[in-house]
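**Student:**
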Amino acid sequence: MKSKPDPVASAPVAPMTEAVAQALTATAAETLKSLTAVTLPMPSLAQMQSDYLQQATDLWNRSMQQFQAMASAALDKSAAPPVAAPVLGDRRFSAPDWAENPASAFTAQLYLLNARTLLGLADQLQGDEKVKQRIRFAVQQWVDAAAPSNFLALNPEAQRKALETQGESITQGLQHLWHDIRQGHVSQTDESLFEVGRNVATSEGAVVFENELFQLLEYKPLTPTVHERPMLFVPPCINKYYILDLQPENSLIRYTVAQGHRVFVMSWRNADDSLAAVTWDQYIEDAVIRAIGVTRDITGAEQINTLGFCIGGTLLATALAVLAARGEKPAASVTLLTSLLDFTDTGILDLFIDEAMVRMRERSIGADSPTGGGLLKGSELASTFSFLRPNDLVWNYVVGNYLKGETPPPFDLLYWNSDSTNLPGPMYCWYLRHTYLENRLMKPRDLTVCGQPLDLSLIDTPAYIYASREDHIVPWESAYRSTQVLKGKKRFVLGASGHIAGVINPPAKKKRSHWVGGTAALPASAETWFGKAKEHPGSWWTDWATWLASHAGRQVAAPKAAGSRRHPVIEAAPGRYVKQKA
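For the sequence shown, the working numbering begins at 94 and goes up steadily by one.
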């Protein structure tokens with residue numbers, strides 16, 4: 094005899110099925126309608142229409158079978174087991190709640206079908222390549238934002254948690270939302286657990302020089318002797334320097350000190366209104382060139398080793414070219430980490446940059462603005478970089494923080510990522526126009542910087558050029574082009590992973606790998622180089638350390654104190670500048 098229906102199990106099925114079906118069928122209809130509203134080759138459009146209708150029909154039929162099996166099981170406990178839950182294949186829908194609930198499974202599957210179709214449409218559009226890329230980027234942003242996982246009414250995992258906690262998760266989520274509104278950005282980690290100088294940026298050292306643009310840090314030696322040539326790090330000015338000194342176990346600064354080098358690091362000032370009119374030339378003359386001079390003065394070294402990371406590498410190369418034009422060659426070696434000198438291909442960032450955009454910036458915050466300058470807010474830069482990977486760096490935290498009421502786990506790298514930095518508008522606008530837009534930096538004598546015709550080919554010092562294979566900010570093929578710009582003896586190394594994780598890869602972790610070419614001259618093509626390169630397990634740091642030691646000179650007694658008589662200690666590292674908030 095059939096048992097009576099279970100009101101708890103069966104009551105939500107019919108109304109939920111009807112509501113979800115109506116809403117998502119409407120969405121499907123809009124997607125299908127959009128297929129007729131774009132310029133596509135007719136065979137492609139017809140095929141996409143046919144494929145979409147076939148897949149939507151199959152999805153509807155499978156979902157109805159699952160609904161019917163579920164309803165039958167609720168009415169008759171002896172009925173055949175329900176149809177197997179679908180495999181959704183997307184980590185946003187990886188929780189069992191999505192597959193086990195037919196309505197939610199249908200929601201997720203229809204969303205994924207619509208997303209594939211819309212992105213397929215964007216890929217098939219005819220026209221200018223840059224316009225096509227912008228359209229695809231915009232479609233991707235919309236598709237990611239529209240995921241049903243981002244909405245409490247459609248997220249069964251968040252709903253279950255709300256029921257289990259008797260609404261506490263929703264209350265907590267609202268508190269997290271209000272906190273993030275007040276701080277001005279989505280929390281990617283529990284920022285309350287970190288403090289610069291206490292548990293990040295903890296390598297022991299001192300500030301030995303400062304001006305309005307930067308502080309120069311000198312680190313305490315960890316070995317009784319050091320190489321006679323000191324090491325100067327030029328970190329990116331669009332972020333805080335301590336990406337290179339997060340924790341002792343993953344600090345490139347500490348690792349370099351432990352290898353017997355006397356290490357100096359620039360800590361950029363977080364620009365405020367007093368720096369709103371500062372130019373690119375000032376960043377070269379009064380910052381990088383000044384840091385090189387102070388490092389030589391303190392140590393008494395005729396030449397020093399240098400390293401630039403990201404835009405820090407661009408600044409460093411520009412400074413060395415200016416000095417070369419003046420007849421000075423203070424660098425015994427230069428290391429460039431994920432840096433661009435040739436901006437022919439700048440990857441996804443190229444989507445945002447054209448003449449109209451750059452001109453708008455110049456008129457609003459550049460030298461052409463009514464006030465002669467302004468600030469590019471750090472929050473704007475941080476948001477731009479986050480939306481290059483929206484599912485990982487935005488919507489993942491929207492779901493976790495607000496819908497589920499979870500506090501994100503502590504992660505030093507994400508704390509650093511949220512510690513944004515302002516930039517002077519004129520400096521930033523010069524950089525945009527002459528590199529990303531016009532690619533003039535690598536053209537010999539095409540630009541004048543600090544009164545000197547700029548020619549990067551004058552840099553004939555040995556160079557170590559590192560790129561990350563999955564870097565979406567500095568494509569590795571573009572970083573490789575620096576091998577064709579610089580004229581000294583060069584070594585190119587390719588690491589696994591992305592812009593940050595590829596660089597911050599200490600050997601002790603025994604993670605990832607790197608590729609090294611042979612001893613032959615570096616070919617013009619990055620692909621040709623990669624075809625002959627050999628993969629090695631583990632970090633690239635050990636390869637770099639061996640290379641750097643060969644350019645660092647003999648061993649001398651480590652200094653007993655930081656600074657010098659002309660440049661006494663100002664304060665303990667990490668200094669005041671790095672603690673200034675945007």
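The beta carbon of each residue, even a glycine, is placed where N, CA and C say it ideally should be. It should be emphasised that the depicted structure is a prediction, and the values quoted were computed from it without experimental measurement.
Can you tell me the Cα-Cα spacing of T500 and I382, whole angstroms?
**Tutor:** Against the sequence shown, residue 500 aligns to sequence position 407. Against the sequence shown, residue 382 aligns to sequence position 289. Looking at the two C-alpha atoms, the distance is approximately 44 Å.
**Student:** The beta strand (DSSP E) that contains M535, what's its start and end?
**Tutor:** Translated into positions along the sequence shown, residue 535 becomes position 442. From DSSP, M535 is part of no beta strand (DSSP E); its letter is neither H nor E.
**Student:** Do you know how far the Cα of F585 is from the Cα of K627?
**Tutor:** In the sequence shown, counting from the first residue as 1, residue 627 sits at position 534. In the sequence shown, counting from the first residue as 1, residue 585 sits at position 492. The straight-line gap from Cα to Cα measures roughly 12 Å.
**Student:** Going by DSSP in three states, E303 sits in which element: helix, strand or coil?
**Tutor:** Taking the sequence shown and counting its residues from 1, one reaches residue 303 at position 210. The answer is strand: DSSP assigns E303 an E or B state.
**Student:** Would you kindly check if the distance between the Cβ of G588 and the Cβ of R605 is under 8 Å?
**Tutor:** In the sequence shown, counting from the first residue as 1, residue 605 sits at position 512. In the sequence shown, counting from the first residue as 1, residue 588 sits at position 495. Their beta carbons are under 8 Å apart, which means R605 touches G588 by this criterion.
**Student:** Examine the Cβ distances between the region 392-409 and the region 536-553 and report whether three or more of them are shorter than 8 Å.
**Tutor:** Taking 8 Å as the limit for Cβ pairs, the verdict is that the region 536-553 does not touch the region 392-409.
**Student:** Measuring straight from C-alpha to C-alpha, what distance separates H629 and W608?
**Tutor:** Indexing the sequence shown from 1 puts residue 629 at position 536. Indexing the sequence shown from 1 puts residue 608 at position 515. Rounded to the nearest angstrom, the two C-alpha atoms are 6 Å apart.
**Student:** Is it buried or exposed for G610, if we count other Cβ within 10 angstroms and need 16 for buried?
**Tutor:** In the sequence shown, residue 610 corresponds to position 517, counting from 1. Looking at its Cβ environment, which holds 16 or more other Cβ atoms inside 10 Å, G610 is buried.
**Student:** Could you please give the first and the last residue of the uninterrupted alpha helix (DSSP H) stretch that includes R389?
**Tutor:** On the sequence shown, position 296 is the one that residue 389 refers to. Where R389 is concerned, the enclosing alpha helix (DSSP H) stretches over R383 to T392.
**Student:** Buried or exposed: which applies to P502, given that a residue is buried once 16 or more other Cβ atoms fall within 10 Å of its Cβ?
**Tutor:** On the sequence shown, residue 502 is found 409 positions in, with the first residue counted as 1. Exposed is the call here.
**Student:** Tell me where the alpha helix (DSSP H) around R229 begins and ends.
**Tutor:** Counting from one through the sequence shown, the residue named residue 229 turns up at place 136. Here the alpha helix (DSSP H) through R229 covers E222 to A238.
**Student:** Taking all protein chains shown into account, do 16 or more other C-beta atoms lie within 10 angstroms of the C-beta of P314, making it buried, or fewer, making it exposed?
**Tutor:** For the purposes of this step, residue 314 is identified with residue 221 of the sequence shown, where counting begins at 1. Buried, by the Cβ-count rule.
**Student:** What's the call for H269, buried or exposed, on a 16-neighbour Cβ count within 10 Å?
**Tutor:** Translated into positions along the sequence shown, residue 269 becomes position 176. Buried.
**Student:** Indicate whether A196 and L181 have their beta-carbon atoms separated by less than 8 Å.
**Tutor:** In the sequence shown, counting from the first residue as 1, residue 196 sits at position 103. In the sequence shown, counting from the first residue as 1, residue 181 sits at position 88. Taking 8 Å as the Cβ cut-off, A196 and L181 do not qualify as a contacting pair.
**Student:** Which same chain residues, not among the five before or five after D273, have their C-beta less than 6 Å away from its C-beta?
**Tutor:** Residue numbering aside, residue 273 sits at position 180 when the sequence shown is read from its first letter. V279 and S280.
**Student:** Keeping to the same chain, check which residues put their C-beta closer than 7 Å to that of L286; ignore five residues upstream and five downstream.
**Tutor:** Translated into positions along the sequence shown, residue 286 becomes position 193. Closer than 7 Å at Cβ, skipping near neighbours: P503.
**Student:** Among L306, R155, N398 and F230, which residue has its Cα nearest to the Cα of T554?
**Tutor:** Translated into positions along the sequence shown, residue 554 becomes position 461. Among L306, R155, N398 and F230, the Cα nearest to that of T554 belongs to N398.
**Student:** Based on Cα-Cα distance, which residue from R659, T477 and I663 lies nearest to N510?
**Tutor:** The residue labelled residue 510 in the question sits at position 417 within the sequence shown. Checked all of R659, T477 and I663; the closest Cα to N510 is T477.
**Student:** When you compare the region 439-448 with the region 216-230, are there three or more beta-carbon pairs, one atom per stretch, that lie closer than 8 Å?
**Tutor:** yes
**Student:** If we ignore side chains and look at the alpha-carbon of each, how far apart do D636 and L205 end up?
**Tutor:** Against the sequence shown, residue 636 aligns to sequence position 543. Against the sequence shown, residue 205 aligns to sequence position 112. Rounded to the nearest angstrom, the two C-alpha atoms are 44 Å apart.
**Student:** In this structure, what does DSSP give as the bridge partners for V371?
**Tutor:** By 1-based counting over the sequence shown, the position of residue 371 is 278. V371 pairs with nothing; no bridge assigned.
**Student:** Can you tell me whether Q396 is helix, strand or coil according to DSSP?
**Tutor:** Translated into the one-based positions of the sequence shown, residue 396 becomes position 303. It is coil, neither helix nor strand.
**Student:** Measure the alpha-carbon distance for A294 versus Y376 and round it to whole angstroms.
**Tutor:** Within the sequence shown, residue 294 is the residue found at index 201, counting from 1. Within the sequence shown, residue 376 is the residue found at index 283, counting from 1. Taking the straight line from one Cα to the other gives about 23 Å.
**Student:** Could you tell me the alpha carbon to alpha carbon distance between P483 and N494, rounded to whole angstroms?
**Tutor:** Position 390 of the sequence shown, counted from the start, is the residue given in the question as residue 483. Position 401 of the sequence shown, counted from the start, is the residue given in the question as residue 494. When rounded, the distance between both Cα atoms is 15 Å.
**Student:** Near K582, what residues of its chain come up, given a Cβ to Cβ distance below 8 Å and the 5 sequence neighbours on each side ignored?
**Tutor:** As a position in the sequence shown, residue 582 is number 489, starting the count at 1. For K582, where only same-chain residues beyond five positions count, the Cβ hits under 8 Å are P555 and A556.
**Student:** Around the Cβ of V649, are there at least 16 other Cβ atoms within 10 angstroms (buried) or fewer (exposed)?
**Tutor:** Taking the sequence shown and counting its residues from 1, the one referred to as residue 649 is at position 556. V649 should be labelled exposed.
**Student:** Take the Cβ of V101 as the centre, count every other Cβ of all protein chains shown within 10 Å, and call the residue buried at 16 or more, exposed below.
**Tutor:** Residue 101 sits at position 8 when you count from the first residue of the sequence shown. Low confidence applies here, because V101 scores a pLDDT of 30, under 50, leaving its location unreliable; read the following figure in that light. When all chains shown are included, V101 counts as exposed.
**Student:** Looking only at its chain, what residues have a beta carbon closer than 6 Å to the beta carbon of I566, apart from the 5 residues adjacent to it on each side?
**Tutor:** Taking the sequence shown and counting its residues from 1, the one referred to as residue 566 is at position 473. Contacts found: H592.
**Student:** Rounded to whole angstroms, what's the CA-CA distance from L530 to N154? Just pull it up for me.
**Tutor:** On the sequence shown, position 437 is the one that residue 530 refers to. On the sequence shown, position 61 is the one that residue 154 refers to. Using only the alpha carbons, I get a separation of about 51 Å.
**Student:** Determine the DSSP secondary structure at E499, reduced to helix, strand or coil.
**Tutor:** As a working mapping, residue 499 is identified with position 406 in the sequence shown. Reduced to three states, the DSSP call for E499 is coil.
**Student:** Express the C-alpha separation of L547 and R347 in angstroms, rounding to a whole number.
**Tutor:** Within the sequence shown, residue 347 is the residue found at index 254, counting from 1. Within the sequence shown, residue 547 is the residue found at index 454, counting from 1. Those two C-alpha atoms are separated by around 34 Å.
**Student:** Leaving out the 5 sequence neighbours to the left and right, which residues in its chain are closer than 7 Å to T349 when beta-carbon positions are compared?
**Tutor:** Along the sequence shown, one-based indexing puts residue 349 at 256. Result list for T349: M324 and V356, in chain order.
**Student:** Could you tell me whether the region 516-523 touches the region 356-373, using the rule of 3 or more Cβ pairs below 8 Å?
**Tutor:** yes
**Student:** Would you call the region 251-258 in contact with the region 226-240, where contact means no fewer than 3 C-beta pairs closer than 8 Å?
**Tutor:** no
**Student:** From Q140 to T200, what distance separates their C-alpha atoms?
**Tutor:** On the sequence shown, residue 140 is found 47 positions in, with the first residue counted as 1. On the sequence shown, residue 200 is found 107 positions in, with the first residue counted as 1. So the alpha carbons of these two residues sit roughly 24 Å apart.
**Student:** Identify, in the order they occur along the chain, each residue of the same chain with its Cβ nearer than 8 Å to the Cβ of L247, setting aside the five sequence neighbours on each side.
**Tutor:** As a working note, residue 247 is residue 154 in the sequence shown. S197, T200 and P241.
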